[in-house]
């Protein structure tokens, strides 16, 4: 049996903001005798991730899931390059600490990969899950990363970002933006396109998703449950008539997939 997440005893009620988890439910008990209209206004958009792209509207995101292996790969031609070669990029990540890892790798043949040392990565492996130097844990914002590729000057190579997760618990994943290899004249912020990268599991994303809601009204007087239709703009007007001692429950759920960010809405009773 579900308990009320809040109870409203006095009506009318001014508009008040609330949030609900996606595919969770708020049970709002209303105990106001009289005739009222409940106005529901839901947000039409929500965030995919807790952080926005570092610049502009787009970034590459690893996706998230258990027992998964996502990659983002691109070939670079350094045959006419001599001297220093540096890969720079911005990284944000929320990765299960010491169990899941993201890696930066390089290969000359696309088959055998070398894991590269990164400033924010770690070589520790307390769980035995790491394949080498990798990112794990949670950043406190975007980080600038610079990786030395000078050993590959004069060659063609593949550069890869790889995110590998175990069988249980996963974070929000790994997000990448503003990739640059100055020696090759390459820079992409992913605003116009994918920058020439091949994504397997990774997705070029904006940090926004359409938000939808599920709405129901339960009356204790007759145990009736009514599904409330919402307008396209996620609004609804619900007539409510309660006698003294009667109670109604307004049940609100967020129905947007792919995100753990909460759904915002407000209720007014007039």
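In our numbering, the protein residues as written are 1147 to 1416. Just so you know, even glycine gets a beta-carbon here, dropped at the ideal spot from N, CA and C.
Please report the straight-line C-alpha distance between residue i and residue j, rounded to a whole angstrom.
{"i": "residue 1195", "j": "residue 1320", "result": "10 Å"}
{"i": "residue 1296", "j": "residue 1215", "result": "28 Å"}
{"i": "residue 1266", "j": "residue 1165", "result": "34 Å"}
{"i": "residue 1197", "j": "residue 1353", "result": "8 Å"}
{"i": "residue 1375", "j": "residue 1149", "result": "24 Å"}
{"i": "residue 1163", "j": "residue 1199", "result": "26 Å"}
{"i": "residue 1209", "j": "residue 1407", "result": "15 Å"}
{"i": "residue 1238", "j": "residue 1323", "result": "9 Å"}
{"i": "residue 1286", "j": "residue 1373", "result": "41 Å"}
{"i": "residue 1365", "j": "residue 1192", "result": "30 Å"}
{"i": "residue 1335", "j": "residue 1257", "result": "27 Å"}
{"i": "residue 1268", "j": "residue 1344", "result": "26 Å"}
{"i": "residue 1300", "j": "residue 1274", "result": "36 Å"}
{"i": "residue 1392", "j": "residue 1176", "result": "9 Å"}
{"i": "residue 1387", "j": "residue 1360", "result": "21 Å"}
{"i": "residue 1294", "j": "residue 1356", "result": "40 Å"}
{"i": "residue 1221", "j": "residue 1270", "result": "29 Å"}
Can you have a look at residue i and say buried or exposed, based on whether 16 or more other CB atoms are within 10 angstroms of its CB?
{"i": "residue 1311", "result": "buried"}
{"i": "residue 1417", "result": "Past the boundaries of the shown model lies residue 1417; the chain is included only from 1147 to 1416, so the question cannot be answered."}
{"i": "residue 1298", "result": "buried"}
{"i": "residue 1167", "result": "exposed"}
{"i": "residue 1318", "result": "buried"}
{"i": "residue 1156", "result": "exposed"}
{"i": "residue 1240", "result": "buried"}
{"i": "residue 1232", "result": "exposed"}
{"i": "residue 1315", "result": "exposed"}
{"i": "residue 1394", "result": "buried"}
{"i": "residue 1223", "result": "exposed"}
{"i": "residue 1219", "result": "buried"}
{"i": "residue 1242", "result": "buried"}
{"i": "residue 1246", "result": "buried"}
{"i": "residue 1169", "result": "exposed"}
{"i": "residue 1172", "result": "buried"}
Ignore the nearest five residues each way along the sequence and tell me which others in residue i's own chain have a CB closer than 6 Å to its CB.
{"i": "residue 1152", "result": "1174"}
{"i": "residue 1313", "result": "1212, 1213"}
{"i": "residue 1217", "result": "1306, 1308, 1346"}
{"i": "residue 1410", "result": "1165, 1189"}
{"i": "residue 1249", "result": "1261, 1280, 1308"}
{"i": "residue 1272", "result": "1244"}
{"i": "residue 1230", "result": "1296"}
By Cβ distance, which residues of its chain are closer than 7 Å to residue i, with the 5 residues on each side in sequence left out?
{"i": "residue 1389", "result": "1179"}
{"i": "residue 1414", "result": "1159, 1160, 1161, 1185"}
{"i": "residue 1412", "result": "1161, 1162, 1163, 1164, 1187"}
{"i": "residue 1337", "result": "1202, 1203, 1204"}
{"i": "residue 1251", "result": "1259, 1260, 1261, 1262, 1306, 1308"}
{"i": "residue 1340", "result": "1350"}
Pick from the options: whose alpha carbon is nearest that of residue i?
{"i": "residue 1225", "options": "1254, 1235, 1247, 1243", "result": "1254"}
{"i": "residue 1326", "options": "1170, 1236, 1230", "result": "1236"}
{"i": "residue 1227", "options": "1277, 1337, 1302", "result": "1302"}
{"i": "residue 1289", "options": "1257, 1234, 1416", "result": "1234"}
{"i": "residue 1277", "options": "1244, 1340, 1220", "result": "1244"}
{"i": "residue 1384", "options": "1169, 1392, 1269, 1416", "result": "1416"}
{"i": "residue 1398", "options": "1362, 1292, 1291", "result": "1362"}
Segment contact flag, the region 1399 to 1406 with the region 1374 to 1387, C-beta cutoff 8 Å, min 3 pairs
Taking a cut-off of 8 Å for Cβ pairs, the region 1399 to 1406 and the region 1374 to 1387 do not touch, as fewer than three such pairs fall below it.
Pair every Cβ in the region 1254 to 1261 with every Cβ in the region 1332 to 1348, then say whether three or more of these pairs are closer than 8 Å.
In this structure the region 1254 to 1261 does not lie against the region 1332 to 1348, because fewer than three pairs of beta carbons, one per stretch, are closer than 8 Å.
Any contact between the region 1197 to 1211 and the region 1275 to 1284? By contact I mean 3 or more CB pairs, one from each, below 8 Å.
No, the region 1197 to 1211 does not touch the region 1275 to 1284.
Does the structure place the region 1168 to 1184 close enough to the region 1290 to 1308 that three or more beta carbon pairs sit under 8 Å?
Verdict: no, contact absent.
So does the region 1327 to 1344 actually touch the region 1364 to 1373, counting three or more Cβ pairs closer than 8 Å?
No: fewer than three Cβ pairs fall under 8 Å.
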